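Chemist:
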Amino acid sequence: EYTALYASGVLDFKDTLILVKERAKAMQKASRINPSSMLAIIGVKEEDLKKEKNSDFYISNLNSPQQVVISVSKDRKEEVRKRMQEKGRKVVELKVSGGFHSPFMEPAKKDLEKIIEKLTFRQAHPPIVSNFLAKPVKEPSLIKESLLNQLTHPVLWQKCIEFMIKEGVKIFFEVGPSRILRGLIKKINPQVKVVNIEKVKDLEGGGNGFGF
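Residue 575 in our numbering is what sits at position 189 of the sequence shown, and the numbering runs on without skipping anything.
1. Going straight from the alpha carbon of SER417 to that of ARG462, what length do you get?
2. If the criterion is Cβ atoms closer than 8 Å, does the pair GLU408 and LEU533 meet it?
3. Does DSSP put LEU397 in a helix, in a strand, or in coil?
4. Please name the residue or residues paired with PHE559 in a DSSP beta bridge.
5. Decide if PHE598 is buried, meaning its Cβ has at least 16 other Cβ atoms within 10 Å, or exposed.
6. Taking 8 Å as the cut-off, decide whether the C-beta atoms of GLY485 and SER457 are in contact.
7. Can you give me the start and stop residues for the alpha helix (DSSP H) that PRO493 sits inside?
8. Use the C-beta contact count for HIS487: other C-beta atoms within 10 angstroms, 16 or more gives buried, fewer gives exposed.
9. Within a Cβ cutoff of 8 Å, which residues of the same chain sit near ILE419, ignoring the five residues on either side of it in sequence?
10. Hey, ILE529 and GLU560: beta-carbon distance below 8 Å or not?
11. So what does DSSP say about ALA390, is it helix, strand or coil?
12. Distance check for VAL406 and SER422, CA to CA, integer angstroms please.
13. Where are the alpha helix (DSSP H) runs, 4 residues long or more, that stay fully inside the stretch 401-457, in chain order?
14. Might you give, ordered along the chain, the residues of its own chain that have their beta carbon closer than 8 Å to the beta carbon of LYS579, omitting 5 neighbours on each side?
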């Protein structure tokens, strides 16, 4: 989403880098205040986890019909992991420094808000699909609000992908040395095409069969 801020003209390149850097610092600080972790739960539906949800954990990412990421305090992590495994679910601990996209990140909101207010936000062209709202946003005020709420609320990845497919998107591009998003998208809708851009030659059609 932060890449999209630059691509859609909301922020210039320098301000985008400043925002990404300061957001990371704010989240790292919040992680020290609220020691927490993230666990990917595979083989579970959102509605099932919501029934179990209590003070033990927060739902942080709705990634696919069978994968939900939760945030949990460090001192309850093993207890929650064991409980999930006893229900026959696969549990993978994410290599991150804290419980992102959850109330554990509340201390980061004030720090990020101060930075956001110093930067110049423009209207998005084209609109950005907010992963907090799972719908397009283009007005600067709504974009700012979404970025702040994203810190403490779940990433609605599955709903974002479903929205874009409904709007007619047939090809998705994953840029970077990984195919994690490809796998998630295919689990959401096996019919859509996902093109991975992992190196420069991929842009020239040398690696994935999709040239420009």
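Positions of the beta carbon are idealized from the N, C-alpha and C atoms, including for glycine.
The model shown is predicted, which means the values in this text are computed figures rather than measured ones.
Modeler: According to the data block:
1. In this structure, the CA atom of SER417 is about 15 Å from the CA atom of ARG462.
2. No.
3. coil
4. Residue pairing of PHE559 in beta bridges, as defined by DSSP: VAL581.
5. Unreliable placement is indicated for PHE598, whose pLDDT of 47 sits below 50; no coordinate value is reported for it.
6. Yes, these two residues count as a Cβ contact at 8 Å.
7. 492-504
8. With 16 or more other CB atoms across the displayed protein chains lying within 10 angstroms of its CB, HIS487 is buried.
9. PRO493
10. At least 8 Å separates the beta-carbon of ILE529 from that of GLU560.
11. Looking at ALA390 - three-state DSSP - the assignment turns out to be helix.
12. 21 Å
13. 432-438
14. In the same chain as LYS579, and ignoring 5 residues on each side of it, the C-beta atoms closer than 8 Å to its own belong to LYS556, ILE557 and PHE558, in chain order.
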